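S.K.: Have a look at the structure that comes next, please.
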Amino acid sequence: MYAVRAGGLTKRFATTTAVDGVDLAVAPGEVRGLLGPNGAGKTTLLRMLFGLVAPDAGSVELLGRPAADPGGEALRDVGGFVEEPAFYPYLSGAANLSLLARLDGGPSAAAVTEALTRVGLDGRGGDRVAGYSTGMKQRLGLAAALLRSPRLLLLDEPTSGLDPGGTQAVTALVRELAADGVAILLSSHQIGELERVCDTYTVMRRGRVVWDGSATELICAAPASAYALATSDDEAALRIAAEHPGVRAGRARRGGLALALEADRLDGFVLALGDARVAVRRLDLLASPLETMFFALTADDAAVDRLEPEELAETVLAAS
Amino acid sequence: MSSAAPSIPAAATRPIGGEDPIWNAFRAELQKLGAQLTIRLLALACVACPFAFAAVLKVQSGTPNDALFGVYAHSSGYALSLVLLTFAGNWGLPVIAGLIGGDLFAAEDRHGTWKTILTRSCTRIDVFVAKLLAAAALAVGLTLLLALASLLAGVLLIGANSMVDLSGVTTSSGQMLLLTVLSWLLCLLPTLAYTSIAILFSIASRNGIVGVLGPLFVALVTQLLFLIGNGVIVHLLLPGSAYLGWHGLFTAHRFLGPLVISSLVSVAWIVGCVWASLAILRRRDFLASAERRGPGWRTPVKAVAATAALVAALALLSDVGPSAVTEHRLSAAIGEEFNRLTLRQQELIGRQVPAGAKLDVLPTCNRRAAKAEGPGDWTCSLNVYLPQAHAVPFSATSVEYDVSVDAGGCFKASSPPSFIGGPTMVDAAGETVTNPLYVVYGCFNTL
Chain A
1 MYAVRAGGLT KRFATTTAVD GVDLAVAPGE VRGLLGPNGA GKTTLLRMLF
51 GLVAPDAGSV ELLGRPAADP GGEALRDVGG FVEEPAFYPY LSGAANLSLL
101 ARLDGGPSAA AVTEALTRVG LDGRGGDRVA GYSTGMKQRL GLAAALLRSP
151 RLLLLDEPTS GLDPGGTQAV TALVRELAAD GVAILLSSHQ IGELERVCDT
201 YTVMRRGRVV WDGSATELIC AAPASAYALA TSDDEAALRI AAEHPGVRAG
251 RARRGGLALA LEADRLDGFV LALGDARVAV RRLDLLASPL ETMFFALTAD
301 DAAVDRLEPE ELAETVLAAS
Chain B
1001 MSSAAPSIPA AATRPIGGED PIWNAFRAEL QKLGAQLTIR LLALACVACP
1051 FAFAAVLKVQ SGTPNDALFG VYAHSSGYAL SLVLLTFAGN WGLPVIAGLI
1101 GGDLFAAEDR HGTWKTILTR SCTRIDVFVA KLLAAAALAV GLTLLLALAS
1151 LLAGVLLIGA NSMVDLSGVT TSSGQMLLLT VLSWLLCLLP TLAYTSIAIL
1201 FSIASRNGIV GVLGPLFVAL VTQLLFLIGN GVIVHLLLPG SAYLGWHGLF
1251 TAHRFLGPLV ISSLVSVAWI VGCVWASLAI LRRRDFLASA ERRGPGWRTP
1301 VKAVAATAAL VAALALLSDV GPSAVTEHRL SAAIGEEFNR LTLRQQELIG
1351 RQVPAGAKLD VLPTCNRRAA KAEGPGDWTC SLNVYLPQAH AVPFSATSVE
1401 YDVSVDAGGC FKASSPPSFI GGPTMVDAAG ETVTNPLYVV YGCFNTL
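Sequences listed follow chains A and B, in order. Using our numbering, you'd call the opening residue of the first sequence number 1 and step up by one each time. Using our numbering, you'd call the opening residue of the second sequence number 1001 and step up by one each time.
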């Protein structure tokens, strides 16, 4: 049984089709990344899963229960949030959690304290939410989701506004929950964060699913990645790159070289540099396979293969 | 698609949704309302205002004569409570209803918290019913708090004294207490109607300011329509008409027709507003803020135009139906009351008034430069035929009263003190008491 099973989900607003016949499935213990540029329909899709928006067509099953009557029983054991988490600013973080726990019928001070501790807000639970930063609200949103001991988590940009430490903690928490069998659907623009936690990906563009598969499949299908390269002899490195099919190299504006090549060609190129006694002083990944794949799938003019390496890196990074 | 675990983990043992979800949501709503500064200040005002009003009256000689029973505010605590009830019915209770119901739903839009509460264990209908019950409980609670505070302020600072009713009959303290409590209780239904209106404004506009001011606007329109129209039909259909229903309890011949009809009208307002609110909420998609609305100005302009058209239509229709205020009704009411109050005045100054005594009073009421019907300013001449020793036939003494009549059939009559005396008089025991003839309050059945 899937934790999420959606078939043919469609939502139209006036003349716009925000979500167009989307099929989606998330298995227990799976962390699925939901990717797409702004306006791809990710948030509307999440809102439909939560029952906040009624689909014009299609069906949703959460944990085996049809979501015909959204909310209530249909969302039992489902946690998460859509867009930035929102709370009552005149209540403290703990009081907000207590109120939400009350809505679930199980107000427990111990559970509230435990959830606050788990997201690193144990010292600030008594403060009014009005004084919380974006990152703290994000943490409180996670605490509110954890309070339900969910078997399915639907998270929209969970690391948005978090500092690097907070991002790492959320990443670790997601992996920990997945290991416990919790199914997680994670929507994010921060592709780098998704790469660390997701087992599978669904990529959306203009309301449609344009790619769906595992992380391994995605990396295999990814076009060239972009790297920054500094060598002892850049001229020689450029010549060697020109002799290697599938490797594109050019001078970077800030010095050094920019490379565009598929991951499986990297080793051969670096060995060739070594054979030619060209020392590699620096090799940095500028745009990962996931980032270039995301760009290739979602950009209006996905000319990944035609872009100069540095331009590719800049464009991909800007798009993602 | 990978599947790290073969099956969905077992549900937690926590009692999620273990209780009735409406009850859970109701308690959560009370928790929110209780934490809001506005609601706390409102509760404080409900307690403090009656005491402040009573304290101000205590230290000054003037009385709020324009309100029913106002002239007795110095002599009976019940009068103070009833004066406050009149004011509350006109403005205070619609304001309370607006502050409670007007922001209850719109606040979720303002804070963006619809998605937070609707992704828990409650359906939107559960949340709607819980909010409705919380608003009703708070509206009833604050109305009763205001009633209790006004009674306590009146009784403690003025005194639990007997008082003249709206027919000129002296009513005992116990009966006044009973009638005053009953009158406040009767105002619960129209207050709930105004709360429902506030909720509808709140849900339809998604704007707390519109929700809070909406009931106040309805109260204002109600007051204006009470002033301009003669017909009884539109008046009875207004949500504020039930605030006048208690007047019929304070007359010698109690009339309950307007009370029953206006109470049923309140119920109709409640049902209509709740139904419309639920229909809007059920159909609503909870979208991101940027997607919520189309062009920003069209909806408000349409709403304002529709409201203006509705008010204009009601104003045009306010003369439809039988007139509530007629010369016959007013003359009969004021004549009978003047009779009783004159005898009451005689008793106060120590003269013997035989049981069943009655003056021969011939009342004639007219309006200045207007048709003799409808609310507004009237003049009543009361020709009193007194048996005098050397006069054959009896000589008539004429007393002129300026009478202000409202659409609910209640009036305030006042006259120069040449015949009736000043605002106070000294009774047989040497005490200064309110002169019952100085300002005469009365009510008659408008149906």
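Glycine is no exception: its CB is placed at the ideal position from the N, C-alpha and C atoms. These figures come from a predicted structure and were not determined experimentally.
What does DSSP give as the partner residues of T113(A) in its beta bridges?
M.R.: In the first sequence, the residue the question calls residue 113(A) occupies position 113. Answer by DSSP bridge pairing: none, since T113(A) is not bridged.
S.K.: Looking at the secondary structure, which residues open and close the beta strand (DSSP E) in which D20(A) lies?
M.R.: Residue mapping note: residue 20(A) aligns to position 20 of the first sequence, counting from 1. Element bounds for D20(A): 16-26.
S.K.: Figure out for me which residue from A221(A), A101(A), A144(A), A57(A) has the closest Cα to the Cα of E1019(B).
M.R.: Translated into the one-based positions of the second sequence, residue 1019(B) becomes position 19. Cα-wise, what sits closest to E1019(B) is A101(A).
S.K.: Rounded to a whole number of angstroms, what is the C-alpha to C-alpha distance between G93(A) and G135(A)?
M.R.: Locating residue 93(A) in the first sequence gives position 93, counting from the first residue. Locating residue 135(A) in the first sequence gives position 135, counting from the first residue. Computed Cα separation, rounded: 13 Å.
S.K.: Measure the C-alpha to C-alpha separation of Q1352(B) and N1339(B) and round it to an integer number of angstroms.
M.R.: As a first step, residue 1352(B) must be located in the second sequence, where it is residue number 352. As a first step, residue 1339(B) must be located in the second sequence, where it is residue number 339. For Q1352(B) and N1339(B), the distance between alpha carbons rounds to 15 Å.
S.K.: Would you mind telling me which residues of chain A sit closer than 8 Å to I1117(B), beta carbon to beta carbon, in chain order?
M.R.: Position 117 of the second sequence, counted from the first residue, corresponds to residue 1117(B). Per Cβ cutoff of 8 Å: L100, L103.
S.K.: Consider the Cβ of D1285(B): report whether some Cβ of chain A lies at a distance smaller than 9 Å.
M.R.: Taking the first residue of the second sequence as 1, we reach residue 1285(B) at position 285. At least one chain A Cβ lies under 9 Å of D1285(B).
S.K.: Among residues of its own chain, excluding the 5 on either side of P1393(B), which ones have a beta-carbon nearer than 7 Å to its beta-carbon?
M.R.: Within the second sequence, the letter at position 393 stands for residue 1393(B). Any reading at P1393(B) is ruled out, since the residue's pLDDT is 48, under 50, leaving its predicted position unreliable.
S.K.: In the DSSP output, which residue or residues are listed as bridge partners for F81(A)?
M.R.: Position 81 of the first sequence, counted from the start, is the residue given in the question as residue 81(A). Answer is L155(A), bridged to F81(A).
S.K.: Looking only at DSSP bridge pairs, what is P1363(B) linked to?
M.R.: The residue you call residue 1363(B) lines up with position 363 of the second sequence. The partner list for P1363(B) (beta bridge, DSSP) reads L1382(B).
S.K.: Taking C-beta pairs closer than 9 Å, name the residues in chain A that K1032(B) reaches, listed in chain order.
M.R.: Along the second sequence, one-based indexing puts residue 1032(B) at 32. By Cβ distance, chain A contributes Y88, Y90, L91, L99.
S.K.: For the putative contact between I1197(B) and C1273(B), defined by C-beta atoms under 8 Å, what is the C-beta separation to the nearest angstrom?
M.R.: Locating residue 1197(B) in the second sequence gives position 197, where the first residue counts as 1. Locating residue 1273(B) in the second sequence gives position 273, where the first residue counts as 1. The pair is a contact, with the Cβ atoms about 5 Å apart (cut-off 8 Å).
S.K.: Taking Cβ-Cβ distances shorter than 8 Å, what residues in chain A pair up with N1485(B)?
M.R.: Since the first residue of chain B shown is 1001 and the last is 1447, residue 1485(B) is not available in this structure.
S.K.: Would you say G1112(B) lies against chain A (beta-carbon separation less than 9 Å)?
M.R.: Position 112 of the second sequence holds residue 1112(B). Chain A, which has a Cβ nearer than 9 Å to the Cβ of G1112(B), makes this yes.
S.K.: Where K137(A) and N96(A) are concerned, what is the direct C-alpha to C-alpha distance, given to the nearest angstrom?
M.R.: As a working note, residue 137(A) is residue 137 in the first sequence. As a working note, residue 96(A) is residue 96 in the first sequence. So the alpha carbons of these two residues sit roughly 11 Å apart.
S.K.: Can you tell me whether DSSP reads R1292(B) as helix, strand or coil?
M.R.: Within the second sequence, numbered from 1, the residue matching residue 1292(B) stands at position 292. Residue confidence is low: R1292(B) scores 49 on pLDDT, short of 50, so the model does not pin down where it sits. No coordinate-derived value is stated.
S.K.: Mind reading off the beta-carbon distance from P1215(B) to G1102(B)? Whole number of angstroms is fine, and I expect it under 8 Å.
M.R.: Mapped onto the second sequence, residue 1215(B) falls at position 215. Mapped onto the second sequence, residue 1102(B) falls at position 102. Sure, about 7 Å apart at Cβ, within 8 Å.
S.K.: Specify, as a first and last residue, the run of the beta strand (DSSP E) that T231(A) falls within.
M.R.: In the first sequence, residue 231(A) corresponds to position 231, counting from 1. T231(A) -> beta strand (DSSP E) spans 225-231.
S.K.: Just tell me which of S1162(B), H1247(B), L1287(B) has its CA closest to the CA of G1442(B).
M.R.: Sequence index remark: in the second sequence, residue 1442(B) carries index 442 (1-based). For the residues S1162(B), H1247(B), L1287(B), the minimum Cα distance to G1442(B) belongs to H1247(B).
S.K.: In this structure, does DSSP put F1128(B) in helix, strand or coil?
M.R.: Position 128 of the second sequence holds residue 1128(B). Looking at F1128(B) - three-state DSSP - the assignment turns out to be helix.
S.K.: If I measure Cβ to Cβ from T1086(B) and keep anything under 7 Å in the same chain, skipping five residues before and after, which residues do I get?
M.R.: Numbered from 1 along the second sequence, position 86 holds the residue referred to as residue 1086(B). Around T1086(B): A1067, L1068.
S.K.: Counting Cβ pairs, one atom from each stretch, are 3 or more of them under 8 Å apart for the stretch 196-207 of chain A and the stretch 52-61 of chain A?
M.R.: Because the criterion of three Cβ pairs below 8 Å is not met, the stretch 196-207 of chain A and the stretch 52-61 of chain A do not touch.
S.K.: What did DSSP end up calling A1324(B) once you bin it into helix, strand or coil?
M.R.: Taking the second sequence and counting its residues from 1, one reaches residue 1324(B) at position 324. It is coil, neither helix nor strand.
S.K.: Per DSSP, W1114(B) is paired with what?
M.R.: Taking the second sequence and counting its residues from 1, one reaches residue 1114(B) at position 114. W1114(B) pairs with nothing; no bridge assigned.
S.K.: Would you report the Cα separation of G1294(B) and R12(A), rounded to the nearest angstrom?
M.R.: Numbered from its first residue, the second sequence carries residue 1294(B) at position 294. Numbered from its first residue, the first sequence carries residue 12(A) at position 12. Annotation note: pLDDT 46 at G1294(B) (below 50); position unreliable, coordinate value reported separately. Roughly 14 Å separates the two Cα atoms.
S.K.: Along chain B, which residues have their Cβ under 7 Å away from the Cβ of A54(A)?
M.R.: What you label residue 54(A) is simply residue 54 of the first sequence in a count that begins at 1. By Cβ distance, chain B contributes D1285.
S.K.: Note down the Cα distance separating L1118(B) from L1093(B), rounded to an integer number of angstroms.
M.R.: One-based indexing of the second sequence puts residue 1118(B) at position 118. One-based indexing of the second sequence puts residue 1093(B) at position 93. Those two C-alpha atoms are separated by around 31 Å.
S.K.: Between R1027(B) and chain A, is the shortest Cβ-Cβ distance under 9 Å, so that the two count as touching?
M.R.: Taking the second sequence and counting its residues from 1, one reaches residue 1027(B) at position 27. It does: the Cβ of R1027(B) has a partner Cβ on chain A nearer than 9 Å.
S.K.: Give a yes or no on whether the minimum CB-CB distance between E1291(B) and chain A is below 9 Å.
M.R.: By one-based count along the second sequence, residue 1291(B) stands at place 291. Model confidence at E1291(B) stands at a pLDDT of 48, short of 50, so the residue's coordinates are unreliable; what they give is reported in the following sentence. At least one chain A Cβ lies under 9 Å of E1291(B).
S.K.: Which value, in whole angstroms, describes the spacing of the CA atoms of V22(A) and D104(A)?
M.R.: Numbered from 1 along the first sequence, position 22 holds the residue referred to as residue 22(A). Numbered from 1 along the first sequence, position 104 holds the residue referred to as residue 104(A). Roughly 30 Å between the two C-alpha positions.
S.K.: Do G256(A) and A230(A) have their C-beta atoms closer together than 9 Å?
M.R.: Counted from its first residue, the first sequence places residue 256(A) at position 256. Counted from its first residue, the first sequence places residue 230(A) at position 230. For G256(A) and A230(A), yes; Cβs fall inside 9 Å.
S.K.: For G126(A), which residues in the same chain have their Cβ closer than 8 Å to its Cβ, ignoring the five residues on either side in sequence?
M.R.: If you number the first sequence from 1, residue 126(A) lands on position 126. Only S92, G93, A94 meet the Cβ criterion.
S.K.: Check S1162(B) in the structure and name its three-state DSSP category.
M.R.: Working through the second sequence from its first residue, we reach residue 1162(B) at position 162. The answer is coil: DSSP assigns S1162(B) none of H, G, I, E or B.
S.K.: Flag this pair as yes or no: are the beta carbons of G1240(B) and N1090(B) separated by less than 9 Å?
M.R.: Position 240 of the second sequence holds residue 1240(B). Position 90 of the second sequence holds residue 1090(B). Yes, Cβ-Cβ distance for G1240(B) and N1090(B) is below 9 Å.
S.K.: Jot down the residue ranges of each uninterrupted alpha helix (DSSP H) in the stretch 1171-1207 of chain B, minimum 4 residues, whole runs only, in chain order.
M.R.: 1173-1186, 1188-1205, all fully within the stretch 1171-1207 of chain B.
S.K.: For F1411(B), report the span of its beta strand (DSSP E) as first-last.
M.R.: On the second sequence, position 411 is the one that residue 1411(B) refers to. Counting along the chain, the beta strand (DSSP E) containing F1411(B) begins and ends at 1410-1414.
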